[in-house]
Each structure stands twice: as structure tokens, then as C-alpha cells.
Amino acid sequence: MDSMLDTLVTYFLIYGIPVLGISIIIGSNAIPSGAILLAVAAGAFAYAGDFIFWQLLLWVWFFNVLGDSSSYWLWRAFGPAIREKFLASRHYLALSLRQAAEYLEKYGLASIFISRFPLAGLGPPMNILSGLSSYHYPRFMLAVVPGDLIYSAFTLGVGYWFGDAWRAAGSTLNQYSQLISAVTALVVVLWLLFTQVRKQYVRLKPHPKPTASKN
Numbered sequence: 244m245d246s247m248l249d250t251l252v253t254y255f256l257i258y259g260i261p262v263l264g265i266s267i268i269i270g271s272n273a274i275p276s277g278a279i280l281l282a283v284a285a286g287a288f289a290y291a292g293d294f295i296f297w298q299l300l301l302w303v304w305f306f307n308v309l310g311d312s313s314s315y316w317l318w319r320a321f322g323p324a325i326r327e328k329f330l331a332s333r334h335y336l337a338l339s340l341r342q343a344a345e346y347l348e349k350y351g352l353a354s355i356f357i358s359r360f361p362l363a364g365l366g367p368p369m370n371i372l373s374g375l376s377s378y379h380y381p382r383f384m385l386a387v388v389p390g391d392l393i394y395s396a397f398t399l400g401v402g403y404w405f406g407d408a409w410r411a412a413g414s415t416l417n418q419y420s421q422l423i424s425a426v427t428a429l430v431v432v433l434w435l436l437f438t439q440v441r442k443q444y445v446r447l448k449p450h451p452k453p454t455a456s457k458n
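Throughout the sequence shown, residue numbering follows the numbering used here, covering 244 to 458 in sequence.
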């Protein structure tokens, strides 16, 4: 990660905002790109006077929103084709997506917002889920835009606040994001296992035969 980060920082200092934007958009699509660390580094460079903080904030905010939107539309457009590839689990996937759609209808705004901040590690999975379940795009953006603004200000602010110590601060922030993602994945797997075991139990549980009524 250190060598990758050094390369990203070097390219960022040479080519500027486009490198930061590409990294953020890739990261929003659930591909590791070092976007968090690079955003923290950008905040530190703003502290050093190499960039103007408010301009960086607008750019980072824009790229976060663009990345989340691209992830949403990617999975909304190609999700059905992907599901068709898994014929054996098509029914299960359809049921899961229907349950996800019902959940998002009830708690979508709040869930999407907190997956931008403070639980930013859940951002890419929530983008995917929203796209696959065809969640209403304007409502998706209603949560994404303010959430990304807070997240962008926070990541840049961490770098600006810690200055020369941005590597340690960024590493801690990145580990926190990874921990949130790992814990969420574990919870989802355990919940799916529990659901399957419960279904098997209900199906195999002997049902009492109705007793004949006495006249």
C-alpha cells in the first residue's frame, strides 16, 4: 500500500485533480484505489499551500457524487444481465432484491446517507444494492449529495488538520473503512445462513395432525 500510495501522490502532484478524480470514481465502484488516503493527502497539501482547500472540497465532492452515480447506473443497467448468468440462484436473487427494495423504500434515505458518512465503507455496497433494486434515482441522489459533501469535507479536513502526519491519520481512517466493510460482510453472511437454517427447520419440522372433532 505504501508504494501504491507513493505512486498516487506523485502522479497527483504532477497531474493534479484528474488523478484524484479517477481514484475517487474507481473507489466508488468498489475497486480498491487508495482514494481515501489520497484525499487525506490532498488535504495535507492544501495545508502546505499547494492547493486551495475550498476548491479541493468542491472537486472531491463532485467526484464522489459522480462516482456514486456511475456505480448506481452501472449496476442498474447491467444487473439483470448479471442475474441471468446465475440461473441456479435466480429465484433466490430475485427474492433478495425484492426484500432489499422493500427495505430501501422504508429506510433508503437514512441508510444511503450514513453509508456516505460516518459509515463510508458501506458506500459502494449500498450503491450496488440501490442500482440492482432500481431504487428511485432522485431519492438516491437526495441522500448522496449531502452525505458526500460531509464525507469530502471530513477526509480533506483530516489531512488539513494533521498536516505532515497525514499518513498516520489516513491509514487509521482507511483501516476504519475496511473494518466497517468487513463487519458488514460478516453480518450479511451470518444473516443469510440464519435465514437458510430457519427455512430448513420450518420445512422439516413435523406438523401435528389435526385431531378429529368429537360429536
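Quick reminder that beta carbons are idealized off the backbone N, C-alpha and C, glycines included.
Counting along the chain, where does the alpha helix (DSSP H) carrying residue i start and finish?
i	result
Leu392	Tyr380 to Phe405
Ala291	Note, Ala291: premise wrong, no alpha helix (DSSP H); not H, not E.
Pro367	Gly366 to Leu375
Gly264	Ile260 to Ser271
Kindly give me the distance between the Cβ atoms of residue i and residue j, rounded to whole angstroms, as I take these residues to be in contact under 8 Å.
i	j	result
Ala289	Phe296	4 Å
Phe360	Phe397	6 Å
Ser420	Ala363	6 Å
Gly374	Leu317	7 Å
Val308	Asp407	With 8 Å as the limit, Val308 and Asp407 do not qualify as a contact, their Cβ atoms being about 30 Å apart.
I'd like to check one pair, residue j with residue i: are the Cβ atoms closer than 9 Å?
i	j	result
Pro367	Gly270	yes
Leu251	Val262	yes
Phe306	Ile268	yes
Leu372	Tyr378	yes
Thr427	Leu365	yes
Considering only C-alpha positions, which residue in the set the options is nearest to residue i?
i	options	result
Val283	Leu429, Gln418 and Val401	Val401
Phe294	Arg319, Tyr403, Gln418 and Ser420	Tyr403
Val303	Ala278, Ala291 and Arg319	Ala278
Ser246	Ile265, Gly264 and Ser276	Ser276
Glu345	Ser358, Ser376 and Tyr315	Ser376
Leu256	Ile274, Ala425, Gly292 and Tyr315	Gly292
Arg382	Asp311, Leu352 and Ser395	Leu352
Tyr315	Met384, Ser266 and Gly413	Met384
Gly310	Asn417, Gly413, Ala412 and Ser395	Ser395
State the Cα-Cα distance for the pair residue i and residue j, rounded to the nearest angstrom.
i	j	result
Tyr350	Ala386	11 Å
Arg410	Leu280	8 Å
Ala285	Leu399	7 Å
Ile423	Ser354	14 Å
Arg319	Asn370	10 Å
Gln298	Ile393	15 Å
Ala343	Ala324	18 Å
Leu429	Ala273	17 Å
Gly264	Glu348	31 Å
Leu300	Ser266	15 Å
Gly413	Thr253	16 Å
Leu433	Ser358	20 Å
Ala425	Arg341	24 Å
Asn417	Phe356	19 Å
Are the C-beta atoms of residue i and some chain D residue less than 9 Å apart?
i	result
Leu248	Of the protein chains in the structure, only one exists, and it is not chain D.
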